[in-house]
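As structure tokens, the structure follows; a few thoughts come after it.
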């Protein structure tokens, strides 16, 4: 069967089918006479399996493991269940608070009491986990503000630009909505609006995307002082120390490792020690 028939049988668009072929999730045979792709019932089953697993929020890497039978399906399923349950637990506290608020008259809303309850939930998780979660929220906001990726083509025209954006969205399981086409397209990725441009470098074309409204990136509730701390964590100083420490340990140079550790650990102690004081 051809790709049009495959699209009709599975409900998966031709563009997505090509994308899954590129990711080696699908392996159609070629007609030796005309070199056209020929799809079989096995390909139909594989595509429907991909469709099912994507709806269950499996990653492309895990789907590849399922289809290639590299890892037993039940093992992957158990691992995925644990990840979903962890996310569910994180959301449960928010759901509980929202449920309480729905039963509360907005005219008599106890803001201080609600904040105290949320703080108590956070304290129960431990200060260290609070730091990690807060830091993850900050880094997620920074990634959301702008991102770059290298397309498979040189993006020489608007059509190739759209295809590159489409493939990126599919690979990252995100919803893409094109607002303006062209060589500087404007689009929405999971509801967030970006403007893209093509940049050439030593290794080819790179697509750089920037939020059109960076004030909506999600870090507005983080105080300026906390952002300074997180920038220090992300800064080149701690990265450089980590690299030197790794090199020292790798070369079994205990002396160098000790020297680097003397500089690194006081910095981390100061950093996390000041965290509770920063509001």
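Residue numbers (the numbering used here): 2 to 280.
Don't be surprised by glycine CBs; every beta carbon is placed ideally from N, CA and C.
Given a cut-off of 9 Å on the beta-carbon distance, is the pair residue i and residue j in contact?
i           : j           : result
residue 196 : residue 213 : yes
residue 144 : residue 211 : no
residue 167 : residue 20  : yes
residue 159 : residue 182 : yes
residue 26  : residue 81  : no
residue 165 : residue 153 : yes
residue 32  : residue 22  : no
My output table needs one value for residue i: the three-state DSSP class, helix, strand or coil.
i           : result
residue 115 : helix
residue 209 : strand
residue 149 : strand
residue 75  : helix
residue 103 : helix
residue 161 : helix
residue 62  : helix
residue 26  : coil
residue 154 : coil
residue 174 : coil
To the nearest whole angstrom, what separates the beta carbons of residue i and residue j, a pair I think is in contact under 8 Å?
i           : j           : result
residue 163 : residue 187 : Their Cβ separation, rounded to whole angstroms, is 12 Å, which puts residue 163 and residue 187 out of contact at 8 Å.
residue 24  : residue 61  : 6 Å
residue 52  : residue 11  : 7 Å
residue 18  : residue 8   : 7 Å
By the 10 Å Cβ neighbour count, where 16 or more other Cβ atoms means buried, how is residue i classified, buried or exposed?
i           : result
residue 96  : exposed
residue 14  : exposed
residue 129 : Residue placement at residue 129 is flagged as unreliable, the pLDDT there being 43, under the threshold of 50; a coordinate-derived value is accordingly withheld.
residue 201 : exposed
residue 127 : Confidence is the limiting factor: at residue 127 the pLDDT is only 45, short of 50, which leaves the residue's position unreliable, though a coordinate-based value still follows. Residue 127 is exposed by the Cβ-count criterion.
residue 112 : exposed
residue 16  : exposed
Based on the DSSP output, what are the partners of residue i in its beta bridges?
i           : result
residue 188 : 179, 195
residue 31  : 38
residue 200 : 207
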